[in-house]
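A short worksheet on the structure shown next.
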Amino acid sequence: MYAVNTGSGAPWADVRVCGTLPAVMPRPRSLTPTRIAEAALAVLDRGGLPALTMRAVAQELGMGTMSLYRYVDDRDELERLVVDLVLAAVDTDPPPGLPWRDQVAALVRRVRDAVAAHPAVVPLTLTHRHRSPALMRWGEAVTNALAGAGFDARRRVIALRSLLGYLIGAIQLEHLGPLSGAGTDAIAALPDDTHPRLAETARHARGVTPEEEFDGGLAAVLAGIEATLR
60 MYAVNTGSGA PWADVRVCGT LPAVMPRPRS LTPTRIAEAA LAVLDRGGLP ALTMRAVAQE
120 LGMGTMSLYR YVDDRDELER LVVDLVLAAV DTDPPPGLPW RDQVAALVRR VRDAVAAHPA
180 VVPLTLTHRH RSPALMRWGE AVTNALAGAG FDARRRVIAL RSLLGYLIGA IQLEHLGPLS
240 GAGTDAIAAL PDDTHPRLAE TARHARGVTP EEEFDGGLAA VLAGIEATLR
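According to the working numbering, the residues represented by the sequence shown are 60 to 289, in order.
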């Protein structure tokens, strides 16, 4: 037997029995933006950005591809939903009573912590930064801290872009080219007669933890931003 929609057009519409057809994949009873985002994130975590397709997400949800189009328009919307899901839990209230540098550093670290478990999301945060409510809230918190420290609007532009550039680049390096990776060993093995300083530096790289690397780089960026106030 098979069911035909009686005309309301909604996924939960009443149906009537009309005949026989091959079995089809059942639709989830309740499909929310959060559930779709969770499915898309699962696909991303397993296969990276190339794996994120409407078909793959529909399969993750246990539904047909065309049925998913009732809920989202395209992959672009899937990406935005994923960004919001990952960053929604980021606390955008800066620690009270701290200097602006400590407030901004805390806000940056929170994004790093949220995204670190999902490295495939990193480029999406850049692509969808203008349309993500979560990133908008974060950006407002950062620029508010900068304004409170005396940065005018023009300096805030440069400061915010610098922080975003560092944040995105550092997370990508941490996952795609970690200091503990084979690339570090290859550089450390370079002959001293051609690359003495680079090889020496690489030999010490394994002693630098990811946290030390990130916090040290962030401190350097913040020091440079602070210097523009002088």
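Glycine included, every Cβ here is placed at the ideal spot set by N, Cα and C.
Residue i and residue j closer than 8 Å at C-beta
| i | j | result |
| --- | --- | --- |
| R145 | A165 | Inspection of the sequence shows that residue 145 is occupied by Val rather than by Arg. For V145 and A165, no; Cβs fall outside 8 Å. |
| V170 | L137 | no |
| E119 | A147 | no |
| S191 | R134 | no |
| V280 | L194 | no |
| Y130 | I95 | yes |
| A229 | G276 | yes |
| V141 | V180 | yes |
| R265 | L238 | yes |
Cβ-based burial, residue i [other Cβ within 10 Å; buried from 16]
| i | result |
| --- | --- |
| V83 | Confidence at V83 is low in this model, with a pLDDT of 45, below 50, so its placement is unreliable and the value that follows should be read with caution. By the 10 Å Cβ count, V83 comes out exposed. |
| A69 | The predicted position of A69 is uncertain, since its pLDDT is 44 and thus under 50; no value can be drawn from it. |
| H187 | buried |
| Q231 | exposed |
| M122 | buried |
| L80 | In this prediction, L80 scores a pLDDT of 45, lower than 50, which makes its location untrustworthy; the coordinate-derived value is nonetheless stated afterwards. That one is exposed. |
| I284 | buried |
| A217 | Inspection of the sequence shows that residue 217 is occupied by Ile rather than by Ala. With fewer than 16 Cβ atoms within 10 Å of its Cβ, I217 is classed as exposed. |
| L257 | exposed |
| V267 | exposed |
| A204 | buried |
| A98 | buried |
Secondary structure of residue i, DSSP reduced to three states
| i | result |
| --- | --- |
| D133 | coil |
| H234 | helix |
| T253 | coil |
| D150 | coil |
| P158 | coil |
| Y225 | helix |
| S126 | helix |
| T202 | helix |
| A173 | helix |
| G209 | coil |
| R190 | coil |
| R168 | helix |
Opening and closing residue of the alpha helix (DSSP H) in which residue i lies
| i | result |
| --- | --- |
| T184 | V181 to T186 |
| A101 | P92 to G106 |
| D274 | P269 to A286 |
| T243 | A241 to A247 |
| V114 | Val is not the amino acid found at residue 114; the sequence shown has Arg there. Counting along the chain, the alpha helix (DSSP H) containing R114 begins and ends at M113 to L120. |
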